[in-house]
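S.K.: As given, the protein sequences belong to chains A and B, one line each in that order. The opening residue of the first sequence carries number 66 in the numbering used here; numbering runs sequentially from there. The opening residue of the second sequence carries number 262 in the numbering used here; numbering runs sequentially from there. For glycine and all other residues, C-beta sits at the position ideal for the given N, C-alpha and C. The structure under discussion is supplied below as structure tokens; questions concerning it will follow.
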Amino acid sequence: MEIKSIHEIVSGVKEKKFKAVEVMEKYLKNISKHESRVNAFLSIREEKALEEAMIIDAKIAKCETVGRLAGVPVAVKDNICTDGIKTTCASKMLEDYISPYDATVIKKLKGEGAIIIGKTNMDEFAMGSSTENSVFKSTSNPWDLARVPGGSSGGSAAAVASNFAPLALGSDTGGSIRQPAAFCGIVGLKPTYGVVSRFGLIAFASSLDQIGPMTKNVKDCALSIELLQGSDEKDSTSCNVELTAKHSLESENIKKLKVGVPKQFLAGELDSEVKNSIMKSVKILQKLGVKVEEVSLPINEEILSAYYIISSAEASSNLARFDGVRYGHRTSDYQNIEQLITNSRTEGFGEEVKRRILLGTYVLSSGYYDAFYNKAQKMRESIKKEYREIFSKYDLIISPVAPTVAFKKGEKTHSAMQMYLQDLYTVSVNLAGLPALSMNCGFAKNKLPIGLQIMGSHYSEEKIFQLAYLLEGELDLRKKVTL
Amino acid sequence: MRWETVIGIEIHAELSTKSKIFCGCSTEFGEFPNSNTCPVCIGLPGALPVLNEEVIQLALKAGLALNCKVNFVNKMDRKNYFYPDLPKAYQISQFDLPILYDGYVEFEVDETVKKININRIHLEEDAGKLIHLGEYTCIDYNRGGVALIELVTEPELRSPREAFQFVKAIKSIFEYTEVSDCKMEQGSLRFDANISVREKGQKGLNTKVEIKNLNSFKEMQKALEKEEKRQIELYEFGEGDKIVQETRRWDSAKGRTVSMRGKEEAHDYRYFPEPDLRPIAISKKNVADLKKEIPELPSEKLERLQVQFNLNKKEVKTVVEDKKLSLLFEETVKKGASAEKVLNWIVGDLLRLMKTDEVKGDIPISATALAELINSIENGDISLKIGREIFEEMFATNKMARVIINERGLIQVSSKEELESIVEKIIENNPKSVADYNAGRKQAITYLMGQVMKETKGQANPRLTMQLLEREMKNQISP
């Protein structure tokens, strides 16, 4: 049984070509073979996953209806709440935390018959670009185990790339789905802000966070977002827009689209191999009749600063609830409530999380608010405006995802700034609330995958998928992970 | 008096919504600790707030009754501070764009109308409650997330007594508009006061002190009086620099204010817009519709009742200030009792029995019961004296007057024949008093009256008895 896509799993299981249990066994076998070297998971649900697969098979045997993801194993980032399964955010603070409820996305996936195979590793509280900030373990890039899988959804990306699951959920605050997808040679979508409910996603920066799917191919990604989307009465920032991405992946109209390539994204820090690979894809699209033009879209470290100010400000407040009072790590060293809170937080949070809490607290402090937080918000408004203008002339924008291919473990851990530069091409869509997809577009000489980013205007996921699908069909992406 | 007192008040009122401000949990008071909680109101990771639409409507109602302007687009902000009763370690509140601003309220202080401007009214969530049990502290989050409005006045109150009248006026407006149940004993209405003292004629303000933990109108007035005195004394002794900007707590047992924290320990709340909620948009139509729903307010009712029934203003005011008393008044009058009598009963016996001029809880006497009692006295079934005894029993037992009268056989002796025979008997047995009376010492008749009452155990109809006594005496002179 060779499985190429989610669609094949679902139709195979429903048409009784094979059993959901067999599918699950196949993925669990991959995990048992390779997980010890990849370290994608923080928890694996072997028995429970098989039991649930059996239930799906039993339903099918009785001709009962099963969902549109019947029998599909899903790896879930460990900052998405799952009833009865630990949700740790890869932090000592939540080492033993079990949520009493399911996130809305988990409810939706379960309702469609998907089965949680495990919870994936990540940078602590989603802060980082390499998954090295996990307090439990560092995940390896399946293409080169000495390298990072990217982050913060590095466990999810590595799990999909290693065939541990055909679908993983990630969360993207400044590139945390797209950069690891690029590093691991898979497809990842950061949806338009509000398309997917955030209820049950442990917040990093509420105005930027979005949950999104990570898959092996564009079609699976399009199917997944259709099932994950939808307004949620439990999330006031969710919106009622229905995307119909997968129905219209193939469209002749796509060739009439105007696509921009911002010259600023191809200059400066960008690795030349990455640049060449992007340009190769541009030429392929042009040959197919897509109109691709160079455009101007400022990108600079000030945008990065605005992102870090806003995300850290929100994080400092979002993470304040972890005080050792109700749940999570509680210090044994305290005499009074101040000590309980201070020591629990000092012991429970890692270095990067503390750095962001301090930064966020500082920029919101009276006397500094205008100079930092307010200024960053103004910057955010002007970024939105720039994107509005460019999308009034162009349908989509193509750019790199990250300045380099996957870097070596430990290479950037000494410098927070070096790590933050990883987010240069990805943070602006979060600030503007726009959708963006990351896909593999080729390989570097060292055989590492290179990612390409397609950005669109609000709710333009359908167009993004069409272009991605077209490009995917033309690219030679036959290289496979060998573990 | 050289000194002028400057007071500003902050009022927190729990809105009378059935469910909390950001989740569906019940707001019922007095339930088992933490039974009215969910992932949202105990701030579990991943949970998100969703604004209860009714909160907006009630806040708007309060604001419109207080002549406030509406911010048609407003927003929620986060107020960040660590305290175990605040599960998210931030309170969702409103900072620079409150839902309502620039209002005013007019109320009477010692026969003159005072107008106090309201700076703002904003929305926020309540915190939980800490319960200290020996070396442990327990937290009850049932109150956490209950919807509050916070009203902030301009510093325009000039005496503790004015402050007292002001909070009373606000309370009755909130009760009339049904914005809050204002149950102070349950913490539905709480206030903090800022007070400073300056020389009369001085332009700027002197250092102010904030007083917290004021849990009744009277305590507030007392606390302010104490603090006013403390500040004046310090200024008079040339020690004005000892007055520092600080928060003081009112210790009602010791009858003094105690310093809680100074300015340097004041929190930096790091307010910023709440990213989990969208801005709140209010339509002009919504406001126009609500304006129509504002009921008759206490000041309007006071004027109407005075004109309608021609009653003592001070007494009507006492009744009107309290929504429950005013309802009892109007309903009892509707049932046929005379307005003057009803007013006397409420202001006299009822408030005396409730031992307060602030009604706590429900009034144990219904309009039907009170009307029946008053009518029983009017038609001579019972005397006023007996009536007052019955009233006390009604108050204690919730029984109807008629039931008590029957149970205790208190019906007044009003039958002429029955009284005639008693009167004849008394006159026969007291020839000396009769002689005194006939000799011109008219007060002798009161002694005879007393004898009749004694004979009838106080149930003789006094007016009829007097008539009969007078008639019989005359008969004695001219047989």
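Would residue 536 of chain B count as contacting chain A if we go by Cβ distances under 7 Å?
M.R.: It does; some Cβ of chain A falls within 7 Å.
S.K.: Cβ of residue 320 of chain B less than 7 Å from any chain A Cβ?
M.R.: So no, residue 320 of chain B is outside the interface.
S.K.: In the DSSP output, what is residue 334 of chain B paired with across the bridge?
M.R.: According to DSSP, which records beta bridges pairwise, residue 334 of chain B is partnered with B:542.
S.K.: Check the Cβ-Cβ distances between residue 295 of chain A and every residue of chain B, and say whether any is below 7 Å.
M.R.: Answer no: the Cβ-Cβ gap between residue 295 of chain A and chain B never drops below 7 Å.
S.K.: Just to make sure I have the definition right: I need the residues of chain A whose C-beta is within less than 7 Å of the C-beta of residue 351 of chain B. Which are they?
M.R.: What residue 351 of chain B touches in chain A: 382 and 385.
S.K.: Return the chain-ordered list of same chain residues with a C-beta closer than 6 Å to the C-beta of residue 647 of chain B, the five sequence neighbours on each side being excluded.
M.R.: Excluding sequence neighbours, residue 647 of chain B sits near 671.
S.K.: Distance check for residue 80 of chain A and residue 225 of chain A, CA to CA, integer angstroms please.
M.R.: Roughly 25 Å separates the two Cα atoms.
S.K.: I'd like to know whether the C-beta atoms of residue 324 of chain A and residue 463 of chain A end up nearer to each other than 7 Å.
M.R.: It is a contact, given that the beta carbons lie within the stated cut-off.
S.K.: Alpha carbon to alpha carbon, how far is residue 667 of chain B from residue 645 of chain B?
M.R.: Answer to the nearest angstrom: the Cα atoms are 16 Å apart.
S.K.: Bridge partners of residue 368 of chain B, per DSSP?
M.R.: The partner list for residue 368 of chain B (beta bridge, DSSP) reads B:375.
S.K.: Hey, quick one: how far does the beta strand (DSSP E) through residue 409 of chain B stretch, first residue to last?
M.R.: Note, residue 409 of chain B: beta strand (DSSP E), 408-414.
S.K.: If contact is defined by three or more beta carbon pairs under 8 Å, each pair taking one atom from either stretch, is the stretch 623-637 of chain B in contact with the stretch 652-668 of chain B?
M.R.: Yes: at least three Cβ pairs fall under 8 Å.
S.K.: Skipping 5 residues on each side, what residues in its chain have a beta carbon closer than 7 Å to that of residue 436 of chain B?
M.R.: Hits under 7 Å: 443 and 584.
S.K.: Is there a C-beta anywhere in chain B that falls below 7 Å from the one on residue 265 of chain A?
M.R.: With 7 Å as the cut-off, residue 265 of chain A counts as an interface residue toward chain B.
S.K.: How would you write the range of the beta strand (DSSP E) that residue 520 of chain A sits in, first residue to last?
M.R.: Counting along the chain, the beta strand (DSSP E) containing residue 520 of chain A begins and ends at 514-521.
S.K.: Please specify which runs of the alpha helix (DSSP H), each continuous and at least 4 residues long, are wholly inside the stretch 603-657 of chain B, giving them in chain order.
M.R.: Here the runs fully enclosed are 612-615 and 628-639.
S.K.: Answer with yes or no whether the minimum CB distance from residue 379 of chain A to chain B is below 7 Å.
M.R.: Yes, residue 379 of chain A counts as interfacial toward chain B.
S.K.: Do residue 183 of chain A and residue 264 of chain A count as a contact pair if the criterion is CB distance below 7 Å?
M.R.: Contact flag unset, no.
S.K.: How would you write the range of the beta strand (DSSP E) that residue 273 of chain B sits in, first residue to last?
M.R.: From DSSP, the beta strand (DSSP E) with residue 273 of chain B extends over 264-275.
S.K.: What does residue 163 of chain A pair with, by DSSP beta-bridge criteria?
M.R.: Partner(s): A:151.
S.K.: Which same chain residues end up closer than 8 Å to residue 348 of chain B when comparing Cβ atoms and leaving out the 5 residues on each side of it in sequence?
M.R.: If we look at residue 348 of chain B and ignore the five residues flanking it on each side, its Cβ neighbours are 302, 303, 304, 389, 402 and 405.
S.K.: What are the residues of the stretch 389-420 of chain A that lie near chain B, defined by any Cβ-Cβ distance shorter than 7 Å?
M.R.: Cβ contacts with chain B: 390, 391, 402 and 406.
S.K.: Counting only runs that start and end within the stretch 385-472 of chain B, where is the beta strand (DSSP E) found for 3 or more residues in a row?
M.R.: For the stretch 385-472 of chain B, whole beta strand (DSSP E) runs of length 3 or above, ordered along the chain, are 390-394, 397-401, 408-414 and 450-460.
S.K.: For residue 347 of chain A, which residues of its own chain have a beta-carbon under 7 Å away from its beta-carbon, when the five flanking residues on both sides are left out?
M.R.: Cβ neighbours of residue 347 of chain A beyond the five flanking positions: 326, 357 and 463.
S.K.: Return the first residue and the last residue of the beta strand (DSSP E) that residue 323 of chain A is part of.
M.R.: From DSSP, the beta strand (DSSP E) with residue 323 of chain A extends over 323-327.
S.K.: For residue 208 of chain B, I'd like the list of residues in its chain whose CB is within less than 6 Å of its CB, leaving aside the five on either flank, ordered along the chain.
M.R.: Lying outside 262 to 740, the shown extent of chain B, residue 208 of chain B is not represented and no answer is given.
S.K.: If you compare alpha carbons, which of B:722, B:323 and B:377 is closest to residue 639 of chain B?
M.R.: Selected option, being the one with the closest Cα: B:722.
S.K.: Between residue 406 of chain B and chain A, is the shortest Cβ-Cβ distance under 7 Å, so that the two count as touching?
M.R.: No, no contact with chain A.
S.K.: For residue 172 of chain A, go through chain B and note every residue whose CB falls closer than 8 Å to its CB, in chain order.
M.R.: Those do not exist, as residue 172 of chain A stays about 12 Å from chain B at its closest Cβ, beyond 8 Å.
S.K.: Using the beta-carbon of each residue, which ones in chain A are nearer than 9 Å to residue 317 of chain B?
M.R.: The contacting residues do not exist; residue 317 of chain B stays about 13 Å from chain A at best.
S.K.: Run the CB neighbour count on residue 740 of chain B, radius 10 Å, all protein chains shown included, and call it buried at 16 or more, exposed below.
M.R.: For residue 740 of chain B, the predicted structure reports a pLDDT of 48, less than 50, and the residue's modelled location is therefore unreliable. The matter cannot be settled from this model.
S.K.: Which residues in chain A sit within 9 Å of residue 510 of chain B, going by Cβ to Cβ distance?
M.R.: Result: empty, since nearest Cβ-Cβ is about 18 Å, beyond 9 Å.
S.K.: Taking the alpha helix (DSSP H) that residue 248 of chain A falls in, what are its first and last residues?
M.R.: Counting along the chain, the alpha helix (DSSP H) containing residue 248 of chain A begins and ends at 243-248.
S.K.: My understanding is that residue 239 of chain A touches residue 492 of chain A, with C-beta atoms under 8 Å, so please give their C-beta distance in whole angstroms.
M.R.: Residue 239 of chain A to residue 492 of chain A, Cβ: 4 Å. Contact.
S.K.: In three-state DSSP terms, what is residue 489 of chain B?
M.R.: If DSSP states are grouped into helix, strand and coil, residue 489 of chain B belongs with the helices.
S.K.: Entirely within the stretch 294-361 of chain A and at least 4 residues each: give me those alpha helix (DSSP H) ranges in chain order.
M.R.: Complete alpha helix (DSSP H) runs here, min 4: 337-352.
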